[in-house]
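Everything on this sheet refers to the single structure shown next.
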Amino acid sequence: MVTKRHGGAGIFTGASRTPRKRQAPTGPQSSLTALGGVAYCWDIATDTLTWGPNAAHLFGPSSHALPRTGHALSQMVEPGSGLDRRAALKPEDGPRYDTRYALRFGPDHVAMVQDAGRFQADAEGRPAFVRGLLRIDPKASAKELLPATIRARSALLERVQDEINEALRFSHTCTLIVGSFDEDAPESREDIARAVRPLMRRRDHVAILTSNRFALMLTSCPLAEAESAMKRLAGLLGAYPNLRLGAACGPEQTFEATALLRAAEQALDTAQSGADAAFLHDARKNPRTPSPASKRAPYDLIAALNDRRLVLASRPMVDAHSRHPALLQTCAAIAGPDGDVIPLNAIPALAEANLAALIDGRMLELAADHLVRHPGERLVLPIADATLHDAEWLTMLAAHLGARPGIASRLLIEVPEVALLDAAAARGRLDAMKALGIGIALGGFGTGHATCTHLQVLPIDLLKIDGVFIQSLRRSTDDRLFVSTLVDLAHHLGIATAAEWVDDEDTARLLQSLGVDYLQGAAFGEVEPIVSPQPAWRRVTANSGS
1282 MVTKRHGGAG IFTGASRTPR KRQAPTGPQS SLTALGGVAY CWDIATDTLT WGPNAAHLFG
1342 PSSHALPRTG HALSQMVEPG SGLDRRAALK PEDGPRYDTR YALRFGPDHV AMVQDAGRFQ
1402 ADAEGRPAFV RGLLRIDPKA SAKELLPATI RARSALLERV QDEINEALRF SHTCTLIVGS
1462 FDEDAPESRE DIARAVRPLM RRRDHVAILT SNRFALMLTS CPLAEAESAM KRLAGLLGAY
1522 PNLRLGAACG PEQTFEATAL LRAAEQALDT AQSGADAAFL HDARKNPRTP SPASKRAPYD
1582 LIAALNDRRL VLASRPMVDA HSRHPALLQT CAAIAGPDGD VIPLNAIPAL AEANLAALID
1642 GRMLELAADH LVRHPGERLV LPIADATLHD AEWLTMLAAH LGARPGIASR LLIEVPEVAL
1702 LDAAAARGRL DAMKALGIGI ALGGFGTGHA TCTHLQVLPI DLLKIDGVFI QSLRRSTDDR
1762 LFVSTLVDLA HHLGIATAAE WVDDEDTARL LQSLGVDYLQ GAAFGEVEPI VSPQPAWRRV
1822 TANSGS
């Protein structure tokens, strides 16, 4: 059996769950790949979408096409395949979301995915920052099991891509027109194909996408003639009620069939919402500009920092067996006008200064003062990756600990798993922090950045399993197996584990049975200002019956 790891934190109270004759547990990266999922973060203010490190392995050759913004992801969702992530975020239903839809990576490559996670709200209660897990359903992604509408689009796109490639070789233009009409039109699909035939040449192609939507590929129609072609088409289909048309041209506007169809459908959306029955896509009229919120956010935070409106907030982390409070999980927050606190999202970068280090430094000061005033408490203080590698951080930490003797053993600094991208640099910083007598926690455990080697050599006392793996725990056997693997690995190395996003007693009992040491979530208390943490502690005490 592996013995307890020695360290200043002293929070691992269990023993290895790995029998002597059994091999060491599987590493977190290979387990995540077997799960078929990739973790992500989405900053809605900047629309930045960040994927976990296993995205390339999971999506294979299509990984280069992974969207880097929420808008780009929404453009890959197949129409009618389900609610995309943005549509699934409904503040009135709470912060959690769980949806299924299809992502198209190419003309003949579609993947059915499950997308689940939760958002953090801004001051107005609107979704501001999202963390989730996207996983591919390989069985549902089999071509023969895909819905008929998706198969029809795939067949069209393969044909369109061939025509774009042909147009590139012979320097001509093809135009894709997408049309829609009222659902109750009496004409059949065959009627549509028959009606548009006078407009078609030898290589042109018509496809029925849905009961009231079709596409017409004109293989030799230059951009200058596209609007005229739509007028002729509208005349041929005059019997169809509320006919609307949208068109795009390739290769002038794009070299990819999926992008061409998307542009034509966007033009159709414009026609459906405007006075004109037909609309030709023009990329120049749809520039992507940075969100105003992304420009304001850093300076709003600086003002809050200077005005000392940033507060240290906390929620209890309880012992999984006794349900008694064991630690305070803290976070930086802004005090609202009604006394509530709004936890900060990802802190944006600022050219003039390391804003994350400034905020984390202020939170360290507040945390140190709190530990002095409450000698019986222990807390976990998260810091950003940028703070860990900041030149002033270790000096700042040593100064606060030196000015307040006796608090180091009750303080755990939580670093994000992404900090292990540069494992050598991270190890030096973590060893130096550990030498000061504090404990080290690793947040976001399981998302794929930490390897077995990292966990063996880094001075980590607590592994916090990312909540994206906890949310679906009760209904997903795969998630339970994955979490069990993470716990086995941690206990094999003598490291304590904690789980976040624990919202109900059933999930808490399940995590306890899997061997998780500490629990954190709505079931044990919400985020409150640390200047007045007693209500949260009393609520936990009442729930535990002590």
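Per our numbering, the sequence shown starts with residue 1282, numbered consecutively.
C-beta atoms are modelled at their ideal positions from N, C-alpha and C, and glycine is treated no differently.
| Item | Value |
| --- | --- |
| Is there contact between the region 1747-1759 and the region 1349-1369, where contact requires at least three CB pairs shorter than 8 Å? | no |
| Where does F1462 fall in DSSP's three states? | coil |
| May I ask you to list the residues that DSSP assigns as paired with S1595? | T1611 and E1809 |
| Give the DSSP-derived three-state secondary structure of W1674 in the structure shown. | helix |
| Can you tell me which of the three DSSP states T1380 falls into? | strand |
| Evaluate the contact criterion for the region 1720-1737 versus the region 1367-1376: three or more CB pairs, one atom per stretch, below 8 Å. | no |
| Counting only the same chain and skipping the five closest in sequence on each side, list residues whose C-beta sits under 8 Å from that of L1549. | V1459, G1460, S1461, R1525, L1526, G1527 and F1560 |
| Is G1317 helix, strand or coil when you go by DSSP? | coil |
| Does T1732 come out as helix, strand or coil in the three-state DSSP assignment? | coil |
| Tell me whether M1282 sits in a helix, a strand or coil according to DSSP, three-state version. | Only weak support is given to the placement of M1282: the predicted model assigns it a pLDDT of 32, under 50, and the question is left unresolved by the model. |
| Evaluate the contact criterion for the region 1433-1443 versus the region 1383-1397: three or more CB pairs, one atom per stretch, below 8 Å. | yes |
| Within 10 Å of its beta-carbon, does K1715 have 16 or more other beta-carbons around it, so buried, or fewer, so exposed? | buried |
| Classify Q1240: buried if its beta carbon has 16 or more other beta carbons within 10 angstroms, exposed otherwise. | Since the first and last residues shown for the chain are 1282 and 1827, residue 1240 lies out of range. |
| Where do the N-terminal and C-terminal ends of the alpha helix (DSSP H) with I1431 fall, by residue? | A1429 to F1451 |
| Out of A1789, V1661, L1754 and R1478, which has the shortest C-alpha to C-alpha gap to I1741? | V1661 |
| So, using beta-carbon positions, are L1647 and L1593 closer together than 8 Å? | yes |
| Taking the beta carbon of D1324 as the centre, do at least 16 other beta carbons fall within 10 Å, making it buried, or is it exposed? | buried |
| I think I1417 touches L1313, with their Cβ atoms under 8 Å apart; what is that distance to the nearest whole Å? | The Cβ separation is near 13 Å, so there is no contact. |
| Assign Q1752 to one of three DSSP states: helix, strand, or coil. | coil |
| Just how far apart, CA to CA, sit P1579 and L1636? | Because P1579 carries a pLDDT of 48, less than 50, the predicted location of this residue cannot be relied on, and the following value inherits that uncertainty. Distance between the alpha carbons of P1579 and L1636 is about 8 Å. |
| When burial is assigned at 16 or more other CB atoms within 10 Å of the CB, is P1571 buried or exposed? | Annotation note: pLDDT 45 at P1571 (below 50); position unreliable, coordinate value reported separately. Answer is exposed; the Cβ neighbour count stays below 16. |
| Can you have a look at K1576 and say buried or exposed, based on whether 16 or more other CB atoms are within 10 angstroms of its CB? | Only weak support is given to the placement of K1576: the predicted model assigns it a pLDDT of 43, under 50, and the value that follows is read from those uncertain coordinates. Under this definition K1576 is an exposed residue. |
| Along the chain, where does the beta strand (DSSP E) containing G1724 start, and where does it finish? | G1720 to F1726 |
| Determine the DSSP secondary structure at G1333, reduced to helix, strand or coil. | coil |
| Starting from the C-beta of R1399, find all residues in its chain whose C-beta is less than 6 Å away, skip the five residues before and the five after it, and write them out in chain order. | P1376 and R1377 |
| Which value, in whole angstroms, describes the spacing of the CA atoms of I1811 and H1651? | 8 Å |
| Please name the residue, chosen from N1335, G1341 and A1397, that lies closest to D1365 on a Cα-to-Cα basis. | A1397 |
| Name the one or two DSSP bridge partners that C1868 has. | Outside the shown range of the chain, which is 1282 to 1827, sits residue 1868, and nothing can be said about it. |
| Where does the unbroken beta strand (DSSP E) through G1398 begin, and where does it stop? | H1390 to A1402 |
| Apart from the five residues on each side of it in sequence, which residues of its chain come closer than 8 Å, Cβ to Cβ, to N1493? | S1461, F1462, D1463, E1464 and A1466 |
| Give every residue of the same chain whose Cβ lies closer than 6 Å to the Cβ of L1736, excluding the five residues on either side of it in the sequence, and list them in chain order. | L1774 |
| Mind checking whether T1430 and T1491 have CB atoms under 8 Å apart? | yes |
| How far does the alpha helix (DSSP H) with L1744 in it extend, from its first residue to its last? | That residue, L1744, is in no alpha helix (DSSP H); its beta strand (DSSP E) goes L1743 to I1746. |
| Closest to R1264 by CA distance: which of H1602, A1614 and S1603 is it? | Residue 1264 lies beyond the range of the chain shown here (1282 to 1827); nothing can be said about it. |
| Which whole-angstrom value is the C-beta distance of D1787 and G1802, which I expect to be below 8 Å? | Between G1802 and D1787 the Cβ distance is about 12 Å, and since that is not below 8 Å, they are no contact. |
| Alpha carbon to alpha carbon, how far is A1368 from A1545? | 22 Å |
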